[in-house]
Amino acid sequence: MMPKNKIMFVCTGNTCRSPMAEAVFNRFAEEKGLAVRAESMGTTTVTGMPVSENSVEVCKEIGIDISDMHSTAYSDKKLDEYDKFYCMSTSHKFFLMTQCAVPADKIEVINVADPYMCGVEVYRQCRDEICSAVKEILKQYEIENKCFSHPWSLKSLESELKNNGSHFYVSVEDDKVLGYIGMNVVVDEGYIFNVAVDENARKKGIGTALINTLVTFAKKNSLAFLTLEVRQSNENAIRLYSNAGFVKVGERKNYYSEPAENAILMTKYF
Numbered sequence: 179m180m181p182k183n184k185i186m187f188v189c190t191g192n193t194c195r196s197p198m199a200e201a202v203f204n205r206f207a208e209e210k211g212l213a214v215r216a217e218s219m220g221t222t223t224v225t226g227m228p229v230s231e232n233s234v235e236v237c238k239e240i241g242i243d244i245s246d247m248h249s250t251a252y253s254d255k256k257l258d259e260y261d262k263f264y265c266m267s268t269s270h271k272f273f274l275m276t277q278c279a280v281p282a283d284k285i286e287v288i289n290v291a292d293p294y295m296c297g298v299e300v301y302r303q304c305r306d307e308i309c310s311a312v313k314e315i316l317k318q319y320e321i322e323n324k325c326f327s328h329p330w331s332l333k334s335l336e337s338e339l340k341n342n343g344s345h346f347y348v349s350v351e352d353d354k355v356l357g358y359i360g361m362n363v364v365v366d367e368g369y370i371f372n373v374a375v376d377e378n379a380r381k382k383g384i385g386t387a388l389i390n391t392l393v394t395f396a397k398k399n400s401l402a403f404l405t406l407e408v409r410q411s412n413e414n415a416i417r418l419y420s421n422a423g424f425v426k427v428g429e430r431k432n433y434y435s436e437p438a439e440n441a442i443l444m445t446k447y448f
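Written as structure tokens, this is what we have:
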């Protein structure tokens with residue numbers, strides 16, 4: 179599967195922290211089967227410098243080989259291609275905003291101190307902090323990628339969140355996202371485009387609660403109907419929508435790919 183998202187890790191020299199973050203992220207994302215890819219760059223470096231020996235050593239300890247990686251200067255990257263930038267410090271965020279015109283809402287700071295000129299133990303601590311940060315970042319991609327063969331990119335989801343016609347509802351427990359649902363409203367018509375529930379949180383009524391939330395919204399706002407598409411083979415989802423009052427009103431041939439499959443069009447009228 180080709181990555182739908184590209185993210186960038188940023189540090190100063192791109193020889194210690196950000197290359198470790200790039201390699202760790204890509205390994206973890208690959209293991210989870212997520213359609214996202216990371217790269218890295220430095221704000222004050224030249225392209226082609228080898229990564230530090232200590233970075234190579236501590237990554238090798240967790241089975242990741244970064245010995246062939248080299249630094250890349252920010253000026254050698256097309257920054258508009260990336261959905262998100264993860265900076266090691268606030269100084270890198272400030273640099274991106276002032277020198278590269280990267281919008282603030284595309285930048286996050288993960289706060290990992292520079293181990294440059296320190297011993298291997300400091301690099302090992304830096305690596306572990308990066309691993310923890312990467313695991314948190316990956317949570318943003320997991321539900322969407324696990325639920326759909328063609329997941330939306332983070333950029334697309336963020337764009338929809340800014341759309342006045344879009345409405346999202348999220349199920350959260352102990353700060354963990356268990357599921358979400360999204361819909362576009364056009365005049366008095368509701369078009370559901372995403373229903374996703376984490377695979378570890380299914381069969382707990384979360385999908386039903388999300389659908390019922392949109393039904394309540396539709397009634398309150400006098401919508402004429404809610405409609406959605408679902409894979410023909412997704413019996414559990416079809417049962418969920420049927421129980422919520424949706425009925426089959428049509429079929430779209432070869433609507434889905436990977437694998438190719440027809441879509442059932444289901445609608446609930448008010």
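Every letter in the sequence shown is one number past the one before it in this note's numbering, and letter 242, counting from 1, is 420.
Glycine included, C-beta positions come from ideal geometry on N, C-alpha and C.
| Item | Value |
| --- | --- |
| Do A311 and Y264 count as a contact pair if the criterion is CB distance below 9 Å? | yes |
| With distances taken between CB atoms, is the gap from N399 to V350 smaller than 9 Å? | no |
| Counting Cβ pairs, one atom from each stretch, are 3 or more of them under 8 Å apart for the region 181-201 and the region 211-223? | yes |
| Straight-line CA distance for I416 to G368? | 18 Å |
| List the whole-angstrom C-beta distance separating Y447 from N440, where the pair is believed to meet the contact cut-off of C-beta under 8 Å. | Not a contact, Cβ separation roughly 22 Å. |
| Determine the extent of the alpha helix (DSSP H) in which I416 is found, giving its start and end residues. | 413-421 |
| Check whether the Cβ atoms of V188 and M227 lie closer than 9 Å to each other. | no |
| Taking C155 as part of the beta strand (DSSP E), name the residues at either end of that continuous run. | This structure leaves residue 155 out entirely; the chain is present only between 179 and 448. |
| So, with DSSP's three-state summary, where would you put V408? | strand |
| Would A282 pass as a contact of S267 if the rule is Cβ separation under 9 Å? | no |
| Roughly how many whole angstroms lie between the Cα atoms of T445 and T190? | 53 Å |
| Does the beta-carbon distance from R302 to V229 come in below 9 Å? | no |
| Is it buried or exposed, T193, if we count other Cβ atoms within 10 angstroms and call 16 or more buried? | buried |
| How long is the line joining the alpha carbons of F146 and K340, rounded to whole angstroms? | Nothing about residue 146 can be read from this structure; the chain reaches only from 179 to 448. |
| Out of I370, S233, A251, which one is the CA nearest neighbour of Y358? | I370 |
| Name the DSSP bridge partner or partners of H270? | Partner(s): none; H270 has no beta bridge. |
| Within a Cβ cutoff of 7 Å, which residues of the same chain sit near P197, ignoring the five residues on either side of it in sequence? | S218, V229, S233, I244, M247 |
| Tell me which residues share the same chain as G385 and place their Cβ nearer than 7 Å to its Cβ, disregarding the 5 neighbours each side in the sequence. | G357, V373, V375, L418 |
| Please name the residue in N421, G423, T405, A422 whose C-alpha comes closest to that of I442. | T405 |
| For a quick check, are the C-beta atoms of T221 and H270 less than 9 Å apart? | yes |
| Between K168 and L388, what straight-line distance do the alpha-carbon atoms span, to the nearest angstrom? | The requested residue 168 is not part of the displayed model; the chain covers only 179 to 448. |
| Rounded to a whole number of angstroms, what is the C-alpha to C-alpha distance between Q318 and R205? | 16 Å |
| Based on the DSSP output, what are the partners of T445 in its beta bridges? | T405, V425 |
| Can you say whether A279 is buried or exposed, counting buried as having 16 or more other CB atoms within 10 angstroms of its CB? | exposed |
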